[in-house]
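Every position in the sequence shown, counted from 1, becomes a number in the numbering used here once 91 is added.
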Amino acid sequence: MTLYSHPPGKGDRQCLRRKRRWQWMPGRLLLWTILLAFLLGCVSLAWRMTVSPDGGSEDMQLPVSSPAFDVVVDYPEEDPALLKIPVELAVTVPRLKNEPKVLVFVETQYSVVGREIVVELEAIRQRFRLEVGAKSIPLLTSEDRGKFNLIIFENVERYFRMDRWNRELLDRYCREYHVGIIGFPPILEHTLIAASVESLHLRLHTNIQLRDFELNASSPVLHVTKAEEIWSGILTGEDWTVYIPQHTAYEVVAWARPLGFVNETSFNENEPPKLPAVILDNGKLDRVRRIFFGQSLKFVLHRPLFLDAISFLLNPDVRPSLRRYVQIDIDDIFVGRRGTRMVADDALALIETMERWRKTIPRFRFNLGFSGKYFHAGADDENGGDDMLLANSHKFSWFCHMWGHSQAHLYNSSVEALVREMQFNRAFARDHGIPMNSSYVVSPHHSGVYPVHEPLYEAWASVWNAKVTSTEEYPHFKPMHLHRGFVHHEIMVLPRQTCGLYTHTIFLASYPGGIDRLERSINGGDLFMTLLRNPINVYMTHLSNYAHDRLALYTFESLFNFSRKWTNLELRSAPPLEMAQLYFRVFPQDAEPLWNNPCEDKRHMQIWSATKSCERLPKFLVIGPQKTGTTALYSFLLSHPAIRSTYRNPETFEEVQFFSGTNYYKGLDWYMNFFPGGVNSTTDFLFEKSATYFDNELVPLRAFSLVPHTSIISILIDPVRRAYSWYQHVKAHGDKVAAQYSFLEIVTANRDSPKPLQHLRSRCLRPGEYASHLERWLDHYPSTQLLILDGDLLKSDPVSVMHLVQRFLKIKPFVDYKDLIRFDKKKGFYCQVEATMKAPRCLGRSKGRRYPVMEADVEAVLQRYYQPHNVALHKLLTRLNQPLPLPKWLRADLQ
Ligand code: A3P
């Protein structure tokens with residue numbers, strides 16, 4: 092049947108042609124071709140998916156996704172005993188590297204709807220992979236595991252029109268791995284008006300206008316989205332699609348009525364038909380569940396509905412929690428300019444509103460942050476406002492910051508000055524009966540919270556016994572949906588959400604960008620989405636937002652009303668300490684901070700102490716692994732007049748080991764203090780060598796976050812010899828386990844061996860699995876920043892290696908190392924020989940140790956062990972095209 096929204100005329104010929112392409116009605120010849128293609132498809136599937144082929148059947152039960160795929164977080168009850176978050180968690184939370192991702196087919200890297208989809212996925216922390224266009228399909232499985240748990244098409248036409256081969260492959264993957272598909276219609280001006288997708292038993296009308304969006308209360312997709320009301324009136328855009336199902340597999344999620352004639356049902360102008368505007372294919376068709384939207388996320392109700400579609404397809408049985416915790420802070424109490432402050436009536440309105448909200452948002456209280464220095468600094472009626480707040484102080488929760496509302500980073504390194512500021516404020520609180528038991532602290536303009544200003548954390552702990560703070564600056568102010576929390580020195584830093592109310596937003600009529608902007612943000616826009624996406628919401632407002640037009644009360648009241656009308660969210664509140672404990676229970680992985688480079692973010696630079704400088708960060712890192720000649724390279728580098736390294740760490744000597752261990756939690760200030768600052772620092776090449784960095788899983792990401800432009804130098808020797816040298820090293824250092832067992836016993840330890848022995852084996856062998864560690868570095872750093880040195884060459888011809896290093900670093904002046912290092916017969920290695928030295932300076936006895944030759948049987952075991960790793964290394968080095976030829980040992984090993 093041909094479908095038109097109006098009788099076909101000249102302009103419809105193009106449509107007709109398109110329609111024919113969509114109607115995949117095979118003739119006999121076509122049937123044979125398809126059959127052949129299908130058979131070939133099966134072979135390809137078996138190859139790509141390594142699963143047994145299994146076609147769909149209408150009667151078969153649709154299995155649900157494995158719980159491992161869930162995004163579900165159910166929030167624990169507010170039982171304080173349950174809420175103790177151990178800070179050590181930070182170190183132990185594993186990173187779920189291999190969990191399946193969402194596969195998103197986007198039109199281009201920058202397409203609007205694609206970006207919107209990505210924002211939602213990022214906001215709910217779903218990992219994803221973007222695929223531009225849908226001409227080819229990425230590898231869908233690895234090691235028998237599905238790589239994707241959901242597939243989204245920014246333009247569902249790509250899916251409908253996918254060539255048969257790919258389409259079959261994709262659908263089969265979805266069937267085998269219980270993966271659902273979500274699709275949005277394209278936003279193209281001249282697209283189809285009507286079409287049939289025969290394979291899906293679906294007819295579509297596109298590019299139409301709709302009104303009166305009505306959700307189907309019995310749709311299993313709905314969860315957050317509430318179906319009680321009809322979104323009345325004309326829906327924005329003329330680019331809606333309606334779906335007319337031709338199979339019982341389809342269930343309507345939402346209807347809307349067309350504005351014009353659509354040739355499907357009898358049309359009555361007074362009451363046009365309800366047509367499906369969002370539709371669920373429940374899988375009865377071919378055991379693949381699909382949800383098709385009638386428009387992009389432009390329509391505000393599609394946003395909660397999109398989140399519902401995701402959670403439904405990931406796991407219809409376990410849906411995300413509906414609870415949203417809300418904390419509203421009011422900063423600048425007593426601080427605002429004259430004429431912008433609250434008067435007594437405003438304070439009363441604040442209390443009345445708080446009490447009313449508490450009826451629907453259990454435990455809600457405003458949090459008030461004050462600076463005592465400005466008490467009674469307003470006009471008379473405003474001072475009355477101050478008094479009214481104090482008279483009712485017990486009704487609020489309070490937090491403290493600086494007495495003079497000053498910024499912590501301006502105090503440079505003086506903890507005492509900060510302590511004094513806070514003590515003044517504490518005395519004010521005591522004298523005026525302000526309850527100060529919230530353990531919550533805030534810093535003006537986020538100063539010192541992030542980037543961390545250590546003296547602030549110290550002062551907070553000593554004056555306030557602070558346990559919680561909040562900021563909008565971590566990891567960066569923008570994008571806002573990526574605000575995260577972290578824990579530093581046992582203070583939990585909550586992410587703060589932006590609500591669009593600043594000190595200068597006082598009157599509704601002069602809201603920046605107009606009232607409409609605020610309304611849009613509340614009614615389905617940014618502010619609403621913030622509430623929807625975040626289980627724990629901390630908003631900052633200011634004293635002035637509660638004066639005059641009381642914009643903050645209006646904003647949040649409207650937000651809560653909108654949320655009640657269109658969602659099933661359950662709003663709650665809790666004191667800041669509980670909010671923080673909840674947050675880190677829901678997102679334990681966030682407890683671990685990831686330090687970024689303050690110099691890469693203008694806002695961070697504005698709240699970073701002038702005494703700190705990014706010059707005190709390394710221009711290159713020597714990452715190891717251990718026992719490959721890293722100390723020799725370190726000492727040769729120091730002979731260069733323009734190269735300087737870190738000060739010695741009393742515990743780990745020339746290695747700071749910042750990125751690899753618990754030192755990381757000491758923070759950026761701690762790390763930077765190891766680098767010489769001062770006169771020459773900008774011209775000097777500062778570097779750090781820590782041989783433990785190479786194989787530590789966390790280091791590449793951490794290093795890249797802080798020093799993304801730094802160069803990375805690694806040294807490799809035959810992993811068999813490296814393992815033996817390492818064994819000799821730990822034995823010489825008195826390692827009890829190493830002393831107890833032979834080298835053979837260590838390298839052949841297995842699951843039945845004592846745990847310490849297994850652990851020692853892993854420490855000994857894992858660093859030599861070079862390729863996998865290098866790949867991890869290459870996940871972050873571009874290969875052009877990575878230099879891989881041959882440790883044998885460093886031993887036999889260090890001069891040429893040092894020349895290569897200088898060229899790689901583009902360092903000036905270029906120094907001829909012939910004058911700086913020379914072979915020392917007694918040591919048996921090259922040593923430093925500078926003009927001022929009486930004798931060559933060689934490395935100590937622990938470098939270039941003498942020990943018996945490795946026994947042949949252990950060597951054979953190790954060679955077998957490293958064989959596959961060396962093959963992978965060979966491939967990697969060939970791909971990287973490093974300046975040095977492949978090491979001899981590697982070539983020999985692979986022959
Ligand atoms: P051995 O002691 O087993 O011979 P690292 O500094 O990374 O721990 O590496 C130590 C290894 O560096 C030594 O292992 C030694 O073989 C090698 N090396 C390379 N050049 C050297 C040098 N000039 N002086 C001393 N050791 C050197």
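Just so it is clear, CB atoms sit at the ideal spot from N, CA and C, and this is done for glycine as well.
Bear in mind that the values here come from a model prediction, so they are computed numbers and not experimental data.
Taking DSSP as the reference, what is the three-state secondary structure of residue i?
i	result
A557	coil
D494	Per the sequence shown, residue 494 should be read as Trp rather than Asp. Of the three classes helix, strand and coil, the one that applies to W494 here is coil, per DSSP.
M893	helix
Q79	Lying before the first or after the last residue shown, residue 79 is absent from the chain, which here runs from 92 to 986.
D423	strand
L777	strand
A926	coil
W868	helix
I606	helix
E661	strand
A286	strand
I242	strand
F487	coil
F675	helix
D888	coil
Y334	strand
G476	helix
G720	coil
L509	helix
T431	coil
L650	helix
L708	coil
V369	strand
Y832	coil
I525	coil
W686	coil
Would you list the one or two residues that DSSP bridges to residue i?
i	result
V578	M583
P349	L301
E222	F196
Q588	Y630
N740	F744
L296	Strictly speaking, residue 296 in this sequence is His, with Leu absent from that position. H296 is bridged to A285 and V333.
R252	Paired residue(s): none; R252 is not in a bridge.
Just to check my reading of the structure: residue i and residue j have Cβ atoms closer than 8 Å, yes? What is that Cβ distance to the nearest angstrom?
i	j	result
L509	I424	Not a contact, Cβ separation roughly 20 Å.
R415	L660	5 Å
G385	P277	Not confirmed; about 12 Å, so no contact.
S613	S561	Looking at the sequence shown, residue 613 is not Ser but Ile. No, I613 and S561 are not in contact; Cβ-Cβ is about 22 Å, not under 8 Å.
V195	E213	No, V195 and E213 are not in contact; Cβ-Cβ is about 11 Å, not under 8 Å.
I734	F776	5 Å
L989	L869	Past the boundaries of the shown model lies residue 989; the chain is included only from 92 to 986, so the question cannot be answered.
Are the beta-carbon atoms of residue i and residue j separated by less than 8 Å?
i	j	result
I452	V417	yes
I442	T632	no
L404	I321	no
V270	L291	no
D809	W555	no
H44	E564	This structure cannot speak to residue 44, because the chain is shown only from 92 to 986.
Q923	S726	yes
P363	R348	yes
E746	S781	yes
R447	S664	no
Hey, is the stretch 720–737 in contact with the stretch 908–919, meaning 3+ C-beta pairs nearer than 8 Å? Counting Cβ pairs under 8 Å, three or more are found: they touch.
Taking contact to mean at least 3 C-beta pairs separated by less than 8 Å, is the stretch 336–355 in contact with the stretch 303–322? The stretch 336–355 is in contact with the stretch 303–322.
I want to know whether the stretch 540–560 touches the stretch 644–655 - three or more CB-CB distances under 8 Å. Contact between the stretch 540–560 and the stretch 644–655 is absent: fewer than three C-beta pairs spanning the two stretches fall below 8 Å.
Can we say the stretch 637–648 touches the stretch 214–233, given the rule of at least three CB pairs closer than 8 Å? Counting C-beta pairs closer than 8 Å gives fewer than three between the stretch 637–648 and the stretch 214–233, which falls short of the contact rule.
Say whether the stretch 684–704 touches the stretch 585–602, bearing in mind that this needs 3 or more beta-carbon pairs closer than 8 Å, one atom from each stretch. With a cut-off of 8 Å, the stretch 585–602 and the stretch 684–704 do not count as touching, because too few Cβ pairs lie within range.
Should the stretch 605–612 be regarded as contacting the stretch 563–581, the criterion being three or more beta carbon pairs within less than 8 Å? With a cut-off of 8 Å, the stretch 563–581 and the stretch 605–612 do not count as touching, because too few Cβ pairs lie within range.
Across the stretch 462–471 and the stretch 512–524, are there enough close Cβ pairs to call them in contact, namely three or more that are closer than 8 Å? The stretch 462–471 is in contact with the stretch 512–524.
Is the stretch 320–339 in contact with the stretch 382–399, if contact means three or more CB pairs nearer than 8 Å? Contact holds: three or more Cβ-Cβ distances are below 8 Å.
Looking at C-beta atoms only, is the number of pairs between the stretch 787–801 and the stretch 683–699 that lie closer than 8 Å three or more? When Cβ pairs closer than 8 Å are counted between the two stretches, the stretch 787–801 is seen to touch the stretch 683–699, the count reaching three or more.
Using 8 Å as the Cβ pair cut-off and three pairs as the minimum, do the stretch 880–888 and the stretch 843–855 touch? No, the stretch 880–888 is not in contact with the stretch 843–855.
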